[in-house]
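Below is one structure, written out as structure tokens; the observations come after it.
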Ligand code: SAM
Ligand code: SF4
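In the working numbering, the protein residues as written are 5 to 479.
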């Protein structure tokens, strides 16, 4: 029978599953990728329109090296056009690794008896945050296993504790969460605590494959997980992050799964996800995955470029799971946020190496263990603009309003100036002399390239205020 996409149109309904694997596979198997179509699709994305499943399949099916280069170039152009050269920085903070699920890829799985289980005490949490503030961090993501101890109320308490820690000029201004899916009430509870983004990764969008990797616990239920961020939206938490764990199943399918998830949100809530994550599987204690689907570096670059083009307005997160070299390379194809100075062992930010007797407390092995200072220095060296900006969500510019990104000039008016102000704070409070010198030159260059005189004069005024000790100034 001939492929007829109409036959698959699942009517998007709030809180109802929306993935049909046959539909996704039919797009992959039946979409032709000619030179003309690839160029048309790239042009559509550069005009800042989200791509359809079919458009995305055109890019996925392009295998001619010349066309792949054009796709990568398109992603680069789009990134420059929409995001400028800002890179937002954050750090993950693992709070507890108790877990009742049995995910075959994860070091925290309940059957991994070698894992040392730990939950940070309140004092330990405070010490971790102080250590992170001492490095200059302003944005954290709290990470948890799935366990009854980590209730919404418990997470909300942690969030309040983190916001309350102020050391020197340090403070955390945005706390994001990566934890188990909650019910609507639970999402309301964490929203009221003032969280930024709530991330839940689907891991794989293929229901049958999903079953093979999730052997026990609540996470076994594919559809409950698939609709988790619908529940967040119902709770008024419109700042959500989606992701797939690349290496569990065919990457082409997962890319379309993420686009399908995005258009489900748009259809039901009139807003896309705030961020896309695309972790690749890393080695972990007790891991058991099928190597057939592991994603090569080359495929990884391709899929990031395709995602960038497919969902032009959404932030893309690349973590220290990847090596410094890979991060350097793929950053230019559309990544807008990275972590820096990352440690995954519980308590490791405030404990010295010698103090740590906590072997096997990490979820998986990371590949980029450089300090935040080193990462910032390299970003500046490569003329990126490191940013710790948290202005949008603090001013209520989230969800639908965040789509104001589509309003011409938003980045120039808000994001670049805020990146400069937060970098200026970092330079005053935490950077070494050499990094600071280079960074002030980058800031000067950025300001010279700005064309709105009013913004420039306000910005210069605020930089002076920061030099005189004021903090937390933003547009
Ligand atoms: N326990 C919660 C959950 O599963 O959603 C949240 C935290 S989990 C620690 C965060 C994410 O880490 C998972 O969603 C998964 O995508 C990723 N992850 C798990 N094992 C991994 C591995 N071996 N390599 C890379 N990422 C992994
Ligand atoms: Fe638990 Fe999350 Fe790890 Fe699964 S991925 S075992 S739910 S911590």
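The beta carbon of each residue, even a glycine, is placed where N, CA and C say it ideally should be. Note that the structure is a prediction, hence the values are computed from the model and not measured.
ask   = Between the beta-carbon of residue 322 and the beta-carbon of residue 250, is there less than 9 Å?
value = In the chain shown, the residue the question calls residue 322 occupies position 318. In the chain shown, the residue the question calls residue 250 occupies position 246. No; because the gap between Cβ atoms is not below 9 Å, this pair is not in contact.
Neighbourhood of residue 421 by C-beta distance below 7 Å, restricted to the same chain and skipping five residues each side = For this step, residue 421 is matched to residue 417 along the chain shown. Excluding residues within five positions, the ones whose Cβ falls inside 7 Å are 459, 463 and 479.
key: Of the residues 461, 43, 266 and 57, the one placed nearest residue 68, counting alpha carbons only   = Translated into positions along the chain shown, residue 68 becomes position 64. Taking only the C-alpha atoms, the option nearest residue 68 is 43.
message = Taking 7 Å as the limit between beta carbons, can you name the residues of its chain near residue 62, skipping five residues before and five after?
response = Taking the first residue of the chain shown as 1, we reach residue 62 at position 58. Contacts found: 35, 37, 41, 42 and 45.
message = Can you list, in chain order, the residues of its chain with a C-beta nearer than 8 Å to that of residue 194? Leave out the 5 residues immediately preceding and following it.
response = By 1-based counting over the chain shown, the position of residue 194 is 190. So the list reads 156, 159, 160, 163, 181, 186, 202 and 241, once near-sequence residues are dropped.
query = When you compare each of 246, 291, 153 and 284 to residue 297 by their alpha carbons, which one comes out closest?
reply = The residue you call residue 297 lines up with position 293 of the chain shown. For the residues 246, 291, 153 and 284, the minimum Cα distance to residue 297 belongs to 284.
query = Should residue 375 be labelled buried (16 or more other beta-carbon atoms within 10 Å of its own) or exposed?
reply = Your numbering for residue 375 matches position 371 in the chain shown. Counting Cβ neighbours within 10 Å, residue 375 comes out exposed, since fewer than 16 surround it.
task = Rounded to whole angstroms, what's the CA-CA distance from residue 414 to residue 317? Just pull it up for me.
result = Walking along the chain shown from the start, residue 414 turns up at place 410. Walking along the chain shown from the start, residue 317 turns up at place 313. Rounded to the nearest angstrom, the two C-alpha atoms are 12 Å apart.
query = If we ignore side chains and look at the alpha-carbon of each, how far apart do residue 354 and residue 222 end up?
reply = Counting from 1 along the chain shown, the entry for residue 354 is found at position 350. Counting from 1 along the chain shown, the entry for residue 222 is found at position 218. Their backbone Cα atoms lie some 32 Å apart in a straight line.
query = Is residue 367 near the ligand SF4, judged by its Cβ being under 8 Å from some heavy atom?
reply = Numbered from 1 along the chain shown, position 363 holds the residue referred to as residue 367. Correct: residue 367 has its Cβ closer than 8 Å to the ligand SF4.
query = From what residue to what residue does the alpha helix (DSSP H) around residue 96 run?
reply = As a first step, residue 96 must be located in the chain shown, where it is residue number 92. Unbroken run through residue 96 is the beta strand (DSSP E), 90 to 100; no alpha helix (DSSP H).
key: Beta-bridge pairing of residue 270 - partner residues as DSSP gives them   = Mapped onto the chain shown, residue 270 falls at position 266. BP columns for residue 270 are empty, so no partner.
query = Does the region 275 to 290 come within contact of the region 107 to 116, defined as at least 3 CB pairs closer than 8 Å?
reply = yes
ask   = If residue 183 and residue 141 are in contact, beta carbons under 8 Å, what's the gap, nearest whole angstrom?
value = Numbered from 1 along the chain shown, position 179 holds the residue referred to as residue 183. Numbered from 1 along the chain shown, position 137 holds the residue referred to as residue 141. Between residue 141 and residue 183 the Cβ distance is about 19 Å, and since that is not below 8 Å, they are no contact.
request  = Grab me the residues of residue 466's own chain with a C-beta within less than 7 Å of its C-beta, minus the 5 sequence neighbours each way, in chain order.
outcome  = Within the chain shown, the letter at position 462 stands for residue 466. Counting only Cβ-Cβ distances below 7 Å, and skipping sequence neighbours, we find 425 and 477.
message = Here's the rule I'm using: 16 or more other beta-carbon atoms within 10 Å means buried, otherwise exposed. How should residue 47 be labelled?
response = Counting from one through the chain shown, the residue named residue 47 turns up at place 43. Exposed: under 16 other Cβ atoms inside 10 Å.
query = Do you know how far the Cα of residue 86 is from the Cα of residue 314?
reply = Counted from its first residue, the chain shown places residue 314 at position 310. Counted from its first residue, the chain shown places residue 86 at position 82. Taking the straight line joining both Cα atoms gives about 14 Å.
inquiry  = Can you tell me whether residue 32 is helix, strand or coil according to DSSP?
reply    = Against the chain shown, residue 32 aligns to sequence position 28. Residue 32 falls in the helix class under three-state DSSP.
ask   = Leaving out five residues before and five after residue 178 in sequence, what residues of the same chain have Cβ atoms less than 6 Å from its Cβ?
value = Locating residue 178 in the chain shown gives position 174, counting from the first residue. 143, 200 and 394, listed in sequence order.
task = Please go through the region 300 to 356 and give each complete alpha helix (DSSP H) segment of 4 or more residues, from N-terminal end onward.
result = 301 to 314 and 328 to 335
task = Could you tell me which of 244, 390, 282 and 448 sits nearest to residue 303, measuring between CA atoms?
result = Indexing the chain shown from 1 puts residue 303 at position 299. Closest by alpha carbon: 282.
query = Around the C-beta of residue 11, are 16 or more other C-beta atoms found within 10 angstroms, so that it is buried, or is it exposed?
reply = The count along the chain shown starts at 1 and reaches residue 11 at position 7. So residue 11 counts as exposed.
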